[in-house]
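Peer 1: I'd like to ask you about the structure that follows.
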Amino acid sequence: MDMQRFAIRLSYDGTPFSGWARQPNQPSVQQAVEEALFTITRTDVRTVVAGRTDAGVHAIGQVIHCDLTPEAIAKLTVRDNASPVEETLVRRLNAVLSRTTEQAVIIDSARAVPPGFDARFSALRRHYRYLIADGPHRWNPLRRHDVLFHPRELDPAAMHDAAQGLLGLNDFLSFCKPREHSSTIRDLQEISVTRSPEGFVEARLSADAFCHHMVRTIVGALISVGEDARPVDWPARRLGERVRDANTKMAAGHALVLMGVDYPDDDAASARAEATRARRDQE
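The numbering of the sequence shown is the UniProt record's numbering, which starts it at 1 and goes up by one.
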């Protein structure tokens, strides 16, 4: 049976969810999206996600892919076969999700892609942002769901300098929660810490991929530098130690946002996915 693959871009407020992935007896973004897909297609549809966000973590540029049968597409478009399938998919998903999630999940776009496109393995890089309000004078109760309230003033310049020692292709075991049969080798391509126009300490990180808890643990280490509890070279030394122990501090999830995911052109997506799978197997 011929299936059509779709890439779907979505945004969500992670506050009411246990994370992206389905979990028993807990609300997840994946469950909300897949149940919405069932509602509009009357078909069980499996999604594959670019980045599995943790509980409370938000997304502005998350990407998933799913495959729809001709029968599912027919059910989707039964009331509107004049509009492009992609437009109907976005409109009907949002109609369901606005009711079931109270607009905590929004579908931004959908497009048909080749069968070799993989939301996870075709990705070139992911981009994350972390915001910190350092000091009570910067705390804003309206931002409590997407900004970390830190009690002390931080030094973003020192945090930025410390972050540069983590750049490149490295084994980030010291900054990850290892998963069985998963590598902790990642290519951290960009990292910066600045004072944002709003007055927050803003960390931005880009990598080919991030292992479990990697961004939050890196931010936790940089906070230690920013409050002068650790020297500037400490995160780089931790990287080389390849150990996860009591010195590993993880920043809270609610201030983290997946900002976007980059992909190659569609004609290169399949080759990229195959290369990524092969590299992960070798690692």
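Think of the CB as a built atom: it goes at the ideal place given N, C-alpha and C, for glycine as much as any other residue.
Fair warning: this is a prediction, and the values are worked out from it, not measured in the lab.
My output table needs one value for Thr47: the three-state DSSP class, helix, strand or coil.
Peer 2: In the sequence shown, counting from the first residue as 1, residue 47 sits at position 47. Note: Thr47 maps to strand in three-state DSSP.
Peer 1: If I'm right that Leu131 touches Gly226 with Cβ under 8 Å, what's the distance once you round it to whole angstroms?
Peer 2: Here residue 131 refers to the residue found at position 131 when the sequence shown is read from its first residue. Here residue 226 refers to the residue found at position 226 when the sequence shown is read from its first residue. Leu131 to Gly226, Cβ: 13 Å. No contact.
Peer 1: Considering Leu10, what are the terminal residues of the beta strand (DSSP E) in which it resides?
Peer 2: The sequence position of residue 10 within the sequence shown is 10, counting from 1. Unbroken beta strand (DSSP E) run through Leu10: 4–12.
Peer 1: Give a yes or no on contact between the stretch 29–46 and the stretch 136–146, applying the rule of three or more CB pairs nearer than 8 Å.
Peer 2: In short, these stretches do not touch, since the Cβ pair count stays below three.
Peer 1: Would you say Gly199 lies against chain D (beta-carbon separation less than 7 Å)?
Peer 2: Any reference to chain D falls outside this structure, which holds one protein chain only.
Peer 1: Taking C-alpha atoms, which residue in Tyr12, Asp245, Ala112 lies nearest to Gly61?
Peer 2: Looking up residue 61 in the sequence shown gives position 61. The shortest Cα separation from Gly61 among Tyr12, Asp245, Ala112 belongs to Tyr12.
Peer 1: Please report how far the alpha carbon of Ala157 lies from the alpha carbon of Leu166, in whole angstroms.
Peer 2: To locate residue 157, count along the sequence shown from 1; it is residue 157. To locate residue 166, count along the sequence shown from 1; it is residue 166. When rounded, the distance between both Cα atoms is 15 Å.
Peer 1: In this structure, what does DSSP give as the bridge partners for Tyr128?
Peer 2: As a position in the sequence shown, residue 128 is number 128, starting the count at 1. Per DSSP, Leu205, Leu258.
Peer 1: Who are the near neighbours of Gly135 in its chain, counting only those whose CB is closer than 6 Å to its CB and skipping five residues on each side?
Peer 2: What you label residue 135 is simply residue 135 of the sequence shown in a count that begins at 1. Answer for Gly135: Glu153, listed in chain order.
Peer 1: So, does the stretch 166–185 touch the stretch 236–252, judging by three or more C-beta pairs under 8 Å?
Peer 2: Taking 8 Å as the limit for Cβ pairs, the verdict is that the stretch 236–252 does touch the stretch 166–185.
Peer 1: Using the C-alpha atoms, what's the distance from Val113 back to Arg46?
Peer 2: The sequence position of residue 46 within the sequence shown is 46, counting from 1. The sequence position of residue 113 within the sequence shown is 113, counting from 1. So the two alpha carbons sit approximately 16 Å from each other.
Peer 1: Under a Cβ-count criterion, where at least 16 other Cβ atoms within 10 Å of its own Cβ denotes burial, should Gln267 be classed as buried or exposed?
Peer 2: For the purposes of this step, residue 267 is identified with residue 267 of the sequence shown, where counting begins at 1. According to the sequence as given, residue 267 is Asp; it is not Gln. Asp267 should be labelled exposed.
Peer 1: Since I believe Ala271 is in contact with Tyr263 (beta carbons under 8 Å), could you give me their beta-carbon distance rounded to a whole number of angstroms?
Peer 2: Position 263 of the sequence shown, counted from the start, is the residue given in the question as residue 263. Position 271 of the sequence shown, counted from the start, is the residue given in the question as residue 271. With 8 Å as the limit, Tyr263 and Ala271 do not qualify as a contact, their Cβ atoms being about 12 Å apart.
Peer 1: Give the straight-line distance between the Cα atoms of Ala82 and Gln103, rounded to the nearest whole angstrom.
Peer 2: Mapped onto the sequence shown, residue 82 falls at position 82. Mapped onto the sequence shown, residue 103 falls at position 103. Cα to Cα, Ala82 sits roughly 27 Å from Gln103.
Peer 1: Would you report the Cα separation of Val33 and Asp228, rounded to the nearest angstrom?
Peer 2: Residue mapping note: residue 33 aligns to position 33 of the sequence shown, counting from 1. Residue mapping note: residue 228 aligns to position 228 of the sequence shown, counting from 1. Answer to the nearest angstrom: the Cα atoms are 43 Å apart.
Peer 1: If the criterion is Cβ atoms closer than 7 Å, does the pair His58 and Val201 meet it?
Peer 2: Working through the sequence shown from its first residue, we reach residue 58 at position 58. Working through the sequence shown from its first residue, we reach residue 201 at position 201. Cβ distance not < 7 Å, so His58 and Val201 don't count as in contact.
Peer 1: Would Leu148 be called buried (16 or more neighbouring beta carbons within 10 Å of its own) or exposed?
Peer 2: Within the sequence shown, residue 148 is the residue found at index 148, counting from 1. Buried, because 16 or more other Cβ atoms sit within 10 Å of the Cβ of Leu148.
Peer 1: Going along the chain, which unbroken runs of the alpha helix (DSSP H) with 4 or more residues stay wholly within the stretch 83–113?
Peer 2: List check, alpha helix (DSSP H) in window: 85–100.
Peer 1: Which value, in whole angstroms, describes the spacing of the CA atoms of Met159 and Ala275?
Peer 2: Sequence index remark: in the sequence shown, residue 159 carries index 159 (1-based). Sequence index remark: in the sequence shown, residue 275 carries index 275 (1-based). Roughly 34 Å between the two C-alpha positions.
Peer 1: Hey, out of Asn94, Ile185, Val232, whose CA is closest to Ala209's CA?
Peer 2: For this step, residue 209 is matched to residue 209 along the sequence shown. Out of Asn94, Ile185, Val232, Ile185 has the C-alpha closest to the C-alpha of Ala209.
Peer 1: My assumption, with CB atoms under 8 Å, is that Val49 sits in contact with Arg125. Please give the rounded CB distance.
Peer 2: Indexing the sequence shown from 1 puts residue 49 at position 49. Indexing the sequence shown from 1 puts residue 125 at position 125. Rounded, the Cβ-Cβ distance is 15 Å, inconsistent with contact.
Peer 1: Assuming Pro89 and Leu76 make a contact with CB atoms under 8 Å, what is their CB distance in whole Å?
Peer 2: Numbered from 1 along the sequence shown, position 89 holds the residue referred to as residue 89. Numbered from 1 along the sequence shown, position 76 holds the residue referred to as residue 76. The residue you asked about is not Pro; residue 89 is Leu in the sequence shown. About 6 Å separates the two Cβ atoms, so the contact holds.
Peer 1: Look at the alpha carbon of Cys211 and the alpha carbon of Arg79, and state the distance between them as a whole number of angstroms.
Peer 2: The residue labelled residue 211 in the question sits at position 211 within the sequence shown. The residue labelled residue 79 in the question sits at position 79 within the sequence shown. Each residue's Cα considered, the two are about 43 Å apart.
Peer 1: Quick one, are the C-beta atoms of Ser18 and Gln30 less than 7 Å apart?
Peer 2: Here residue 18 refers to the residue found at position 18 when the sequence shown is read from its first residue. Here residue 30 refers to the residue found at position 30 when the sequence shown is read from its first residue. Going by C-beta atoms, Ser18 is not nearer than 7 Å to Gln30.
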